[in-house]
Amino acid sequence: MKSSLWIEEIYDGFCGVKFKVEETLFSGKSEFQTVDVVETKGHGKMLLNDGLIMVTERDEFVYHDMISHVPLFVHPNPKSVLIIGGGDGGTAREVLKHQSLERIVQVEIDAMVVDACKAHIPQTACAYENPRMELIIGDGVKFVKETKEKFDIIMVDSTDPIGPAAPLFGPEFYSNIYNILSDDGIVVSQGESPFLMADVQKSMLKVLHDQFEVVKIYNFNNLTYPGGLWSFTFASKGLHPIRDFKPERVDGSKIEFQYYNKELHTGCFAIPSFQRNNLEGLLKD
Ligand code: SAM
């Protein structure tokens with residue numbers, strides 16, 4: 338159906354972003370959230386959960402490069418990755434570029450997100466066609482509590498801390514994550530906006546600081562999320578994102594990136610002073 342709609346994502350009633358919609362491709366309501374896929378005028382296809390923008394074809398590469406390649410190039414020999422959330426498939430698509438990985442498991446709570454993306458956003462959902470991927474439809478909170486498996490890298494590709502994603506920001510979840518990480522394991526998580534969600538960043542880093550040996554935060558710039566500047570948290574049992582990074586591994590990988598590169602890897606951990614002040618005492622080297 339053709340439309341003259343605009344989509345607005347307003348943050349806290351005082352600022353936001355707005356996109357022209359050409360056509361609604363899918364609208365559904367699962368037991369967890371509403372799921373919409375729209376064709377926009379300038380950003381290609383866009384996935385929204387509960388009316389909040391998850392990915393757009395135009396700039397999804399930024400987020401997906403940065404959640405995946407940063408930890409994958411810090412860990413010297415990653416063999417297994419667990420993705421929590423990430424139903425659009427973009428994170429898995431990037432992870433799959435690392436041929437040395439032997440096991441890639443994704444736990445997404447909402448089959449409707451996966452199915453809508455398979456039907457309408459193959460740019461990200463192409464990952465699900467790869468036989469190296471194991472997709473489990475289930476609650477990531479329950480999975481990390483119950484699994485007996487260990488993973489080298491865990492990527493928490495979640496929505497904001499509301500609904501089923503709220504526990505993904507809490508101490509119990511991260512204590513279970515710690516237990517299922519291998520001895521040199523790394524966890525990275527969607528870390529929200531330093532401008533608009535400074536309090537969430539602070540509470541996330543407090544949780545990580547209490548449990549992990551190394552705790553950092555790194556930034557990226559994107560076109561879609563309110564505020565533009567956005568973050569991922571990085572926590573590990575010992576590996577340091579800069580000291581243990583070997584740039585020559587990036588060159589050797591022959592992976593073609595759209596956002597990530599070896600210079601940016603180091604640069605993205607240099608955070609602005611206002612963010613550093615907010616997180617004072619919570620980063621750990
Ligand atoms: N890049 C996106 C962002 O930051 O806006 C996140 C994309 S991805 C679509 C987020 C996914 O997390 C959603 O599909 C949602 O269903 C999933 N999710 C939320 N809570 C979850 C949970 N407890 N276990 C597994 N997946 C969860």
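For the sequence shown, the working numbering assigns the number 338 to the initial residue and increments by one for each residue that follows. No residue lacks a Cβ here, since even glycine has one placed at the ideal position from N, Cα and C.
Residue pairing from DSSP leaves Asn-516 without any beta-bridge partner.
For a cut-off of 8 Å, the C-beta gap from Leu-576 to Ile-523 is around 6 Å, short enough to register as a contact. With 16 or more other Cβ atoms from the protein chains shown falling within 10 Å of its own Cβ, Glu-445 counts as buried. Per the coordinates, the alpha-carbon of Leu-601 lies some 15 Å from the alpha-carbon of Ile-592. Counting only runs of at least 3 residues, the region 478-530 fully encloses the following beta strand (DSSP E) elements, listed from N- to C-terminal order: 488-494 and 518-527. For Gly-589, the enclosing alpha helix (DSSP H) has its first and last residue at 584-590.
At least one heavy atom of ligand 1 sits closer than 8 Å to the Cβ of Pro-501. Taking a contact as a CB-CB distance under 8 Å, the pair Val-374 and Ala-453 counts as one, their CB atoms being some 5 Å apart. Within the DSSP secondary-structure output, Ile-441 pairs in a beta bridge with Val-418 and Met-470. Within the same chain, and ignoring the five residues on either side of Leu-433 in sequence, the residues whose Cβ sits closer than 8 Å to its Cβ are Ile-441, Ala-464, Asn-467, Arg-469 and Met-470. Ligand 1 has a heavy atom closer than 8 Å to the beta-carbon of Val-478. Excluding residues up to 5 positions away in sequence, Asp-402 lie with their Cβ nearer than 6 Å to the Cβ of Phe-594 in the same chain.
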